[in-house]
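Colleague:
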Amino acid sequence: CDNAKGLKAFYDAIKYGPNHLMVFGGVCATVTSIIAESLKGWNLVQLSFAATTPELADKKKYPYFFRTVPSDNAVNPAILKLLKHYKWKRVGTLTQDVQRFSEVRNDLTGVLYGEDIEISDTESFSNDPCTSVKKLKGNDVRIILGQFDEEMAVKVFCCAYDEDMYGSKYQWIIPGWYENLWWESWINSSQCLSKNLLTAMEGYIGVDFEPLSSKKTKTISGRTPQQYEKEYNDKRGDGQSSKFHGYAYDGIWVIAKTLQRAMKYLNSTNKHQKIEDFNYTNHKLGKIFLDAMNETNFIGVTGQVVFRNGERMGTIKFTQFQERKEVKVGEYNAVADELEIMNNSIRFQGLEPPKDKTIIQEELRKISLPLYSILSALTILGMIMASAFLFFNIKNRNQKLIKMSSPYMNNLIILGGMLSYASIFLFGLDGSFVSEKTFETLCTVRTWILTVGYTTAFGAMFAKTWRVHAIFKNVKMKKKIIKDQKLLVIVGGMLLIDLCILICWQVVDPLRRTVEKYNMEVCP
50 CDNAKGLKAF
60 YDAIKYGPNH
70 LMVFGGVCAT
80 VTSIIAESLK
90 GWNLVQLSFA
100 ATTPELADKK
110 KYPYFFRTVP
120 SDNAVNPAIL
130 KLLKHYKWKR
140 VGTLTQDVQR
150 FSEVRNDLTG
160 VLYGEDIEIS
170 DTESFSNDPC
180 TSVKKLKGND
190 VRIILGQFDE
200 EMAVKVFCCA
210 YDEDMYGSKY
220 QWIIPGWYEN
230 LWWESWINSS
240 QCLSKNLLTA
250 MEGYIGVDFE
260 PLSSKKTKTI
270 SGRTPQQYEK
280 EYNDKRGDGQ
290 SSKFHGYAYD
300 GIWVIAKTLQ
310 RAMKYLNSTN
320 KHQKIEDFNY
330 TNHKLGKIFL
340 DAMNETNFIG
350 VTGQVVFRNG
360 ERMGTIKFTQ
370 FQERKEVKVG
380 EYNAVADELE
390 IMNNSIRFQG
400 LEPPKDKTII
410 QEELRKISLP
420 LYSILSALTI
430 LGMIMASAFL
440 FFNIKNRNQK
450 LIKMSSPYMN
460 NLIILGGMLS
470 YASIFLFGLD
480 GSFVSEKTFE
490 TLCTVRTWIL
500 TVGYTTAFGA
510 MFAKTWRVHA
520 IFKNVKMKKK
530 IIKDQKLLVI
540 VGGMLLIDLC
550 ILICWQVVDP
560 LRRTVEKYNM
570 EVCP
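Residue numbers (the numbering used here): 50 to 573.
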């Protein structure tokens with residue numbers, strides 16, 4: 050854009066031309082901003098159909114500026130709606146160091162503030178995005194909101210491929226205004242193979258304003274958007290198309306309706322004044338034009354045309370890169386604040402949308418239920434066998450051979466074994482079966498049962514063995530009788546020692562449940 054020529058044309062029109070009621074146009078941001086800032090002095094309302102720079106939204110600086118095309122910032126409420134739709138609450142931003150992109154990023158920060166969405170990392174770059182991409186990966190950013198041009202986009206996706214930041218775990222959301230097959234123009238300037246670049250790009254979502262409404266309703270002109278587009282293409286012929294043509298067409302209607310409202314207002318309030326009486330010092334008429342344009346509300350070929358503080362509340366479209374082409378997958382209506390995702394049109398690389406971070410699930414390591422079941426079954430068989438031996442021992446206690454083997458001591462051995470068997474059930478009950486409080490009680494109970502059971506069984510066996518030893522070490526072979534009562538005293542002494550230790554342990558340092566953290570593992 051030639052700033053000098055643009056400004057000269059404007060000032061020449063003001064100085065030498067007839068009195069202009071409004072200014073229509075302004076494509077280049079630099080020229081448009083300079084003209085828009087000075088319009089208040091001439092009481093002129095300006096309507097642009099192509100200037101998207103966010104700077105022009107400042108109504109203190111540009112009070113007489115309107116535009117039919119949405120601002121670059123208009124994509125941010127749409128992005129917020131998309132993030133909420135897929136329940137993404139943690140994102141990162143990657144921004145090229147250019148004012149246009151930085152302004153959008155700064156506005157996005159304000160839009161997301163207070164919406165329970167965390168910007169976990171904010172990265173920017175000038176020429177080489179790889180360092181920033183690595184930092185995003187290091188911070189476990191899965192949903193990346195990018196703001197960069199086509200040349201940098203190629204570099205970004207090359208870096209993403211090198212860092213494995215693509216596929217089912219990641220979602221890239223970038224500007225959607227790139228030219229068709231944009232990557233082919235810049236692939237040679239990168240160190241990336243074409244197939245690798247396309248692999249990394251697969252599934253990215255582009256966000257941009259909708260050039261023409263997709264609705265088939267009749268507009269203020271009596272045509273549907275599709276009829277208008279056909280007529281436009283027929284008249285355009287082989288000439289180059291602009292995506293702003295629908296906004297220019299609606300802009301003419303905005304001016305016409307504004308002047309119509311102004312005329313209606315003048316007719317109802319002041320019979321002597323007409324819009325032809327306007328001059329650059331007529332502040333009153335200029336204010337009437339300004340108010341009339343603020344009241345704009347009709348259906349145009351670009352959707353519902355309505356202004357909020359001079360900003361167009363337009364329709365934002367979402368496209369997705371699928372198999373080397375852009376496919377429209379949804380749209381956001383700023384007037385109604387509604388997001389519409391087309392049925393089954395979005396294709397995520399995995400079975401579901403990517404998660405916004407690595408999900409760390411604490412999982413209690415528990416005893417295998419099949420293993421516990423097998424050991425419990427074996428334990429039950431052991432207890433049944435022990436019960437059979439106990440029954441046999443009690444029933445035949447008066448038989449000579451059984452009586453000579455000290456049936457009371459045998460019974461103690463069997464009972465001690467059964468207590469030890471019972472502890473197996475308790476050792477298998479971990480945190481997946483019982484509560485935290487019950488688990489601590491269980492720890493104490495199973496320790497006591499196993500200790501008492503082992504000491505009872507071993508003590509009785511030891512006492513019997515000691516009696517045999519005491520009898521046979523009698524070298525004079527004198528008759529020596531050691532009754533079962535004495536053996537019971539030995540077993541009782543052993544149990545008393547155990548009980549003293551267990552009671553002291555319970556009083557001084559009782560068992561407590563602790564949680565041991567293991568290294569993180571990938572979920573199978």
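Beta carbons are placed, not taken as given, at the ideal position from N, Cα and C, and that holds for glycine.
All figures in this text were calculated on a predicted structure; none of them were measured in a lab.
Enumerate in chain order the residues of its own chain whose CB-to-CB distance from residue 201 is below 6 Å, with the five nearest sequence positions on each side excluded.
Modeller: Same-chain partners within the cutoff: 145.
Colleague: Less than 8 Å between C-beta atoms, sequence neighbours within five positions excluded: which residues of the same chain meet that for residue 248?
Modeller: Answer for residue 248: 210 and 215, listed in chain order.
Colleague: In the DSSP assignment, what are the bridge partners of residue 192?
Modeller: Bridge partners of residue 192: 220.
Colleague: On a Cα-Cα basis, can you pick out the residue from 386, 159 and 374 that is closest to residue 396?
Modeller: The shortest Cα separation from residue 396 among 386, 159 and 374 belongs to 374.
Colleague: When the Cα atoms are used, what is the spatial distance from residue 335 to residue 89?
Modeller: Spanning the two alpha carbons is a distance of roughly 9 Å.
Colleague: Quick one: using the 10 Å Cβ neighbour count with 16 as the cut-off for buried, is residue 353 buried or exposed?
Modeller: So residue 353 ends up on the buried side.
Colleague: Note down the Cα distance separating residue 239 from residue 370, rounded to an integer number of angstroms.
Modeller: Taking the straight line from one Cα to the other gives about 20 Å.
Colleague: Since I believe residue 153 is in contact with residue 122 (beta carbons under 8 Å), could you give me their beta-carbon distance rounded to a whole number of angstroms?
Modeller: Confirmed, Cβ separation roughly 6 Å.
Colleague: Please list the segments of the alpha helix (DSSP H) lying wholly inside the segment 98-170, counting only runs of 4 or more residues, in order along the chain.
Modeller: Within the segment 98-170, the complete alpha helix (DSSP H) runs of at least 4 residues are 124-134 and 148-161.
Colleague: Take residue 417 as the anchor and find which of 309, 456 and 479 has the nearest alpha-carbon.
Modeller: The candidate whose alpha carbon is nearest that of residue 417 is 479.
Colleague: How is residue 458 classed by DSSP in three states: helix, strand or coil?
Modeller: Residue 458: helix per DSSP, three-state reduction.
Colleague: On a CA-only basis, which of 293, 278, 344 and 266 is nearest residue 303? Give me that one, please.
Modeller: Residue 303 has its Cα closest to that of 344, out of 293, 278, 344 and 266.
Colleague: Is it the case that the Cβ atoms of residue 307 and residue 341 are separated by a distance below 7 Å?
Modeller: Yes; because the gap between Cβ atoms is below 7 Å, this pair is in contact.
Colleague: In chain order, which beta strand (DSSP E) runs of at least 3 residues are fully inside the segment 66-95?
Modeller: If we require 3 residues or more, the beta strand (DSSP E) runs fully inside the segment 66-95 come out as 71-73.
Colleague: What residue range does the beta strand (DSSP E) around residue 368 cover?
Modeller: 364-371 is the extent of the beta strand (DSSP E) around residue 368.
Colleague: Look up residue 252 in the DSSP assignment and say whether it is helix, strand or coil.
Modeller: Here residue 252 sits in coil by DSSP.
Colleague: Mapping DSSP to helix, strand and coil, what is residue 275?
Modeller: Looking at residue 275 - three-state DSSP - the assignment turns out to be helix.
Colleague: Would you mind reading off the limits of the alpha helix (DSSP H) that contains residue 381?
Modeller: Residue 381 -> not in any alpha helix (DSSP H); beta strand (DSSP E) instead, spanning 374-382.
Colleague: Is residue 378 buried or exposed, if buried means 16 or more other CB atoms sit within 10 Å of its CB?
Modeller: It is buried - the Cβ of residue 378 has at least 16 other Cβ atoms within 10 Å.
Colleague: Assign residue 495 to buried or exposed, taking buried as 16 or more other Cβ atoms, counted over all protein chains shown, within 10 Å of its Cβ.
Modeller: With 16 or more Cβ atoms within 10 Å of its Cβ, residue 495 is classed as buried.
Colleague: In the DSSP assignment, the beta strand (DSSP E) including residue 357 goes from what residue to what residue?
Modeller: Taken as a continuous stretch (DSSP letters only), the beta strand (DSSP E) holding residue 357 covers 352-357.
Colleague: On the criterion of 16 or more Cβ atoms from any shown chain inside 10 Å, does residue 255 qualify as buried, or is it exposed?
Modeller: When all chains shown are included, residue 255 counts as buried.
Colleague: Nearest CA to the CA of residue 158: which residue from 129, 224, 322 and 219?
Modeller: Residue 129 is the option with its Cα nearest to residue 158.
Colleague: Going by the beta-carbon positions, is the gap between residue 42 and residue 505 smaller than 7 Å?
Modeller: Outside the modelled stretch of the chain, which goes from 50 to 573, sits residue 42, for which no answer is possible.
Colleague: Tell me which residue opens and which closes the beta strand (DSSP E) that residue 347 is part of.
Modeller: 346-349 is the extent of the beta strand (DSSP E) around residue 347.
Colleague: Helix, strand or coil for residue 257, going by three-state DSSP, please let me know.
Modeller: Strand.
Colleague: Among residues of its own chain, excluding the 5 on either side of residue 349, which ones have a beta-carbon nearer than 7 Å to its beta-carbon?
Modeller: Closer than 7 Å at the Cβ level, and outside the excluded window around residue 349, lie 268, 269, 299 and 302.
Colleague: Using the rule of at least 16 other Cβ atoms within 10 Å of the residue's Cβ for burial, across every protein chain shown, is residue 237 buried or exposed?
Modeller: That one is exposed.
Colleague: What are the boundary residues of the beta strand (DSSP E) that includes residue 389?
Modeller: Its beta strand (DSSP E) spans residues 387-390.
Colleague: Confirm, please, whether the CB-CB distance from residue 513 to residue 455 is below 7 Å.
Modeller: Yes, Cβ-Cβ distance for residue 455 and residue 513 is below 7 Å.
Colleague: Contact between the segment 70-81 and the segment 97-114: three or more CB pairs below 8 Å?
Modeller: At 8 Å Cβ cutoff, the stretches touch.
Colleague: By Cβ distance below 6 Å, which residues in the same chain neighbour residue 225 in space, the five residues on each side in sequence not counted?
Modeller: Once the five neighbours on either side are set aside, the close Cβ partners of residue 225 are 255, 256, 257 and 368.
Colleague: Given a cut-off of 7 Å on the beta-carbon distance, is the pair residue 492 and residue 560 in contact?
Modeller: In contact: residue 492 and residue 560 (Cβ atoms closer than 7 Å).
Colleague: Might you give, ordered along the chain, the residues of its own chain that have their beta carbon closer than 6 Å to the beta carbon of residue 141, omitting 5 neighbours on each side?
Modeller: Around residue 141: 169, 170, 185, 190 and 193.
Colleague: Can we say the segment 433-453 touches the segment 385-400, given the rule of at least three CB pairs closer than 8 Å?
Modeller: Cβ pair count under 8 Å is below three, so no.
Colleague: Smallest Cα separation from residue 482: which of 421, 402 and 305?
Modeller: When each option's Cα is compared against that of residue 482, the closest is 421.
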